[in-house]
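Since the structure comes first, as structure tokens, the remarks are kept for the end.
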Amino acid sequence: MTEKIHIKDKEIVVPGALLAEGLEYLPSGRAFRDGENIYASTIGLISIKGRVIKVIPLAGKYMPKRGDVIVAKINGFGKFGWTLEIDSPYKIDLNVGEISMNYIDLKTNKLSDYFKIGDYVFGEITDITESGYMSLTAKRRPYRKLVNGNIIKVGPTKIPRIIGKQGSMINMLKDMSGCEILVGQNGLIWISGEAEKESKAAEAIKLIERESHLSGLTEKVKSMLEGK
Amino acid sequence: MAILKPYFTDLLTKDKREDGRKLFEYRDVVIETGAIERANGSARVKIGNTEVLVGVKLDVGTPFPDSPESGILMVNAELLPLASPHFEFGPPSKDAVELARVIDRGIRESHAVDLDKLCIKPKEKVWMVFVDIYPINDDGNLFDAGALGAIAALKTAILPKYDEDEEKVLHKELTKTKLPIQQIPILTTFAKLNGKIFVDTTMREEKEIDARLSIATIDDETTSAMQKGGVGTFTAKEILELTEKAAELAKKLRKLIPSK
Amino acid sequence: MGSKVGAPEKLIVNGKRLDGRKLNEMRKMDIKIGVIPNADGSSMVTLGGTKVICSVYGPKEVLPRRNLDTEQAFLNCVYGMASFSTPERVRPGPNRRSTEIGKVIADALAPAIFMEKYAGSEITIIMEVINANAGTRTAAINAASVALADAGIEMRDLVCSIASGKADGQLMLDLFEAEDNFGEADMPLAVLPRTKEITLLQMDGMLSTAEIKKLTDMSMKACEELYKLQKKALQEKYETEKDASE
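Residue numbers (numbering that gives the first Met the number 0), protein chains in the order written: chain A, 0 to 227; chain B, 0 to 259; chain C, 0 to 245.
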């Protein structure tokens, strides 16, 4: 049994690329085993840690999972809450019991008093319900209905770069733009402040999305927010 | 996204757009002609991230009974789901039909294509000019991009050979004759959002506007077509001001049309 | 296929084809990735004079709901030809030919996609030919393959496709229009390069078993080159999108 690694750390691989031969190696991320070999399943970046060969996706739609913090759009009413759109094929519900610490009696209140279609909410994905839908909770701070502001969409694979190591990038964006910024793992970002500053912050985020790979990005973002 | 309307309104009251443009400023416009070898005339237009391909195809057919010595012009738009997640499969939508008809109007009413020069045999055979507009990426303002593509493709179109004896078009053989073009109508579309008027909407802006007014202008600043869309309204004063603004903007855009 | 109107005298002159190619030579293929910002993945492929653009949207919600499959993705594969893409204008909209091509292309791509991972959702692939000079469905498959990769759809492999056939009695690769119209046979093929599994095979005309074998070998070899082109185009685009952190 031969054991061989065919790729290097930080290499870009395409779907079907042979990564390693041998059962000693373990596929992680967008990698799969076929027979004794490991292959990539999407376009991605290789990260090798010991015997684990991980393919970090560089493209792809958002796939929701429990614990993710997201920005979602209300797109319909259900019996006890609302249905949400998160730019993913999977459905997420928001139950009326998850929007406030107070009890809301639907006999005396209308759902549309709280959220209308087209409204946005910031929340966290909790469990999968009995009907197979995931659900969102938005009753504890900082989760809430988002009012006014600017909403933009970026590729979900760029979110880690926009947040930065330990939040360094996002904090800089907030400080320098003077805006509140809420980042959804699903790629939707809410920016709130003065309209012109909201535009500037959005432009800076789009810059990070385009040039996430290049060095000197932090400096570029800084000077964009400072003057121009 | 209803959430964006207050944001855009805020910016517009300061005469600003979210991409830094002024109210009556177009995004970068690029026009390339001749890229599609099978078409008799073609143009690829980019306005910002909006991209449209227009192809002109010529064929010979029978004229309409009420204009037995005139060629026929037909403008069509295909909103393929390729260009936007908002386009659906199926027969032409109302939007596709309106887009085609507005662009057609500016060209037809200005007699841009001299249809009287396209008669081969009166009452029997005339040239038919098909203009097909295919958006490739919709980031707003398909009207102006499509119209620029249409006139650029028409202006650079070359007639294929027509075999008089066999009575058929030899599609793969070209003459050196261009289509007879006598006007260059340019369409400019104005949008209105909470009272503020601006030009060349991006897709994000387009979703929030109350109304739009498209105006086609020809060289001498005559208007050859107008179309108001959307459920909002315009005042008479605004309309008159916009026809003048349209002529001004059309002048600049007309310069970008290649000569071949 | 007898003698047709408009047929050139000879399709092969002094061992060379009318466009100067050798018998086993493909036309030049050019691949551009990410040409449609609105799409989740997109590409434009040029194969000689044939030009095809492709958009991929997905995975997304299935509409209409009757298409929903709880076991695997619903692959909505649509092939079309722009009205100005052919010598004589073709009426826009689906027709029997384009419907069949859409179906065989879906059958060519599905084996490569991890369909079960997208159960309950839809992947829409839209291919539009904007200039036609034969080989349109093969160019479309190559375009769809890289567009799917560009969209981050999980696949076992890329999909490569080329046609081969017979004209003027000679076996040749990647027939262009005159050869396709006036030749004796045309055989488009698509393959998963890693496992060499064939996912599309069509033939019209007349061929002996020995000829089919030769043509299959010719096409599979050409697909090895196509795989390199697809891989190069994807790596080049993403080389400029590498994430510096993690």
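Built from N, CA and C at the ideal position, the CB exists for glycine as well.
Quantities reported herein were computed from a predicted structural model and do not represent experimental measurements.
Counted within 10 angstroms of its Cβ, other Cβ atoms place glutamine 181(B) as buried (16 or more) or exposed: Burial is judged here by how many other beta carbons sit within 10 angstroms of a residue's own beta carbon; glutamine 181(B) has fewer than 16 and is exposed.
Drop a sphere of 10 angstroms on the beta-carbon of glutamine 165(A), count the other beta-carbons inside from all chains shown, and report buried for 16 or more, exposed for fewer. Burial call: exposed.
Roughly how many angstroms separate the alpha carbons of alanine 232(C) and glutamate 166(B), rounded to a whole number? Between alanine 232(C) and glutamate 166(B), the C-alpha separation is close to 47 Å.
Contact under 8 Å by Cβ, asparagine 140(B) with threonine 216(B): In this structure, threonine 216(B) does not lie closer than 8 Å to asparagine 140(B) by Cβ.
Counting only C-beta atoms, is leucine 17(C) closer than 8 Å to chain B at any point? No, because no Cβ of chain B sits closer than 8 Å to the Cβ of leucine 17(C).
Inter-residue CB distance, proline 121(B) and glutamate 163(B) (contact presumed, cutoff 8 Å): Approximately 14 Å separates the beta-carbon atoms of proline 121(B) and glutamate 163(B); this is outside 8 Å, ruling out the contact.
Serine 92(B) versus chain C: which residues are under 9 Å apart at the beta carbon? Result: empty, since nearest Cβ-Cβ is about 13 Å, beyond 9 Å.
So which of Asn13(C), Pro86(C) and Cys53(C) has the shortest CA-CA distance to proline 159(B)? It is Pro86(C) whose Cα lies nearest to the Cα of proline 159(B).
Please report the Cβ distance between leucine 147(C) and isoleucine 112(C), rounded to the nearest whole angstrom; I am assuming they are in contact, meaning their Cβ atoms lie under 8 Å. Contact between leucine 147(C) and isoleucine 112(C) holds, since their C-beta atoms are separated by about 7 Å, short of 8 Å.
Closer than 7 Å: glycine 154(A) CB and nearest the ligand COA heavy atom: With respect to the ligand COA, the structure offers nothing, as it holds no ligand at all.
Listed in chain order, which residues of the segment 36-67 of chain A have Cβ atoms closer than 8 Å to some Cβ of chain C? Residues passing the 8 Å Cβ filter: Tyr38, Ser40, Thr41, Ile42, Leu44, Ser46, Ile55, Pro56, Leu57, Ala58, Gly59 and Lys60.
Just reading off the alpha helix (DSSP H) that arginine 203(B) is part of, what are its end residues? Looking at the DSSP string, the run of the alpha helix (DSSP H) that includes arginine 203(B) is 202-205.
Quick check: the Cα distance between valine 28(B) and threonine 215(C), rounded to an integer number of angstroms? Using only the alpha carbons, I get a separation of about 47 Å.
Run through the segment 127-185 of chain B for me and flag every whole beta strand (DSSP E) of 3 or more residues, listed as ranges in chain order. Inside the segment 127-185 of chain B, DSSP marks whole beta strand (DSSP E) runs of 3 or more residues at positions 157-162 and 167-177, from first to last along the chain.
To the nearest angstrom, report how far apart glycine 14(C) and leucine 22(A) are at their CA atoms. Taking the straight line from one Cα to the other gives about 51 Å.
Inter-residue spacing [alpha-carbon to alpha-carbon] between threonine 8(B) and arginine 20(B): About 15 Å.
Please name the residues in the segment 121-155 of chain C whose beta-carbon is closer than 9 Å to at least one beta-carbon of chain B, in chain order. For the segment 121-155 of chain C, which is checked against every Cβ of chain B, the residues closer than 9 Å are Thr123, Ile125, Met126, Glu127, Ile129, Asn130, Ala131 and Asn132.
7 Å Cβ cut-off: residues of chain B touching alanine 194(A): Ordered by position in chain B, the residues that pass the 7 Å Cβ test against alanine 194(A) are Tyr6, Asp9 and Leu10.
Three-state secondary structure (DSSP) of lysine 9(A): Note: lysine 9(A) maps to coil in three-state DSSP.
Under 7 Å Cβ-Cβ, which residues of chain A neighbour tyrosine 237(C)? Think of a sphere of 7 Å around the beta carbon of tyrosine 237(C): the chain A residues whose beta carbon falls inside it are Ile11, Ile42 and Leu57, in chain order.
Methionine 0(C), buried or exposed, once every other Cβ within 10 Å from all chains shown has been counted against 16: The predicted position of methionine 0(C) is uncertain, since its pLDDT is 42 and thus under 50; a value taken from the coordinates is nonetheless stated next. Under the 10 Å beta carbon count, methionine 0(C) is surrounded by fewer than 16 other beta carbons and is classified as exposed.
Start and end residues, beta strand (DSSP E) containing serine 223(B): Per DSSP, serine 223(B) belongs to the beta strand (DSSP E) from 222-228.
Could you pull the DSSP bridge partners for lysine 138(A) from this structure? According to DSSP, lysine 138(A) bridges with nothing at all.
Straight-line Cα distance separating lysine 206(B) from arginine 65(A): For arginine 65(A) and lysine 206(B), the distance between alpha carbons rounds to 32 Å.
The segment 52-72 of chain B: positions lying closer than 8 Å to chain C by Cβ: Taking 8 Å as the upper bound on Cβ-Cβ separation, chain C lies near residues Leu52, Gly54, Val55, Lys56 and Asp58 of the segment 52-72 of chain B.
Within the 8 Å Cβ cut-off, does glutamate 60(C) reach chain A? Contacts with chain A at 8 Å (Cβ-Cβ) include glutamate 60(C).
Measure from the alpha carbon of lysine 251(B) to the alpha carbon of each residue in Asp18(B), Thr12(B), Phe23(B) and Arg16(B), then state which is nearest. Nearest of Asp18(B), Thr12(B), Phe23(B) and Arg16(B) to lysine 251(B), Cα basis: Phe23(B).
Threonine 12(B), enclosing alpha helix (DSSP H) - first and last residue: Judged by DSSP secondary structure, threonine 12(B) falls within the alpha helix (DSSP H) whose first and last residues are 3-12.
Would you mind working out which of Gly5(C), Ile11(C) and Pro7(C) sits nearest glutamine 169(C), comparing C-alpha positions? Closest option to glutamine 169(C), Cα to Cα, is Ile11(C).
What number of angstroms, rounded off, separates the C-alpha of phenylalanine 189(B) from the C-alpha of arginine 203(B)? Cα to Cα, phenylalanine 189(B) sits roughly 15 Å from arginine 203(B).
Within 10 angstroms of its Cβ, does methionine 0(A) collect 16 or more other Cβ (buried), or is it exposed? Reliability of the predicted coordinates at methionine 0(A) is poor, the pLDDT of 43 falling under 50, and no value is obtained from them.
Please check the pair alanine 200(A) and serine 176(A), which I expect to be a contact at CB under 8 Å, by giving their CB distance rounded to whole angstroms. The pair is a contact, with the Cβ atoms about 4 Å apart (cut-off 8 Å).
Determine the DSSP secondary structure at alanine 243(C), reduced to helix, strand or coil. Because alanine 243(C) carries a pLDDT of 43, less than 50, the predicted location of this residue cannot be relied on, and no value is offered for it.
So for alanine 184(C), helix, strand or coil by DSSP? In this structure, alanine 184(C) counts as strand in the three-state DSSP scheme.
Determine whether the Cβ of arginine 29(A) lies closer than 8 Å to any Cβ atom of chain C. In terms of beta-carbon proximity, arginine 29(A) lines the interface with chain C, with at least one pair separated by less than 8 Å.
Please decide whether serine 87(A) counts as near chain B, where near means a Cβ-Cβ distance under 8 Å. So no, serine 87(A) is outside the interface.
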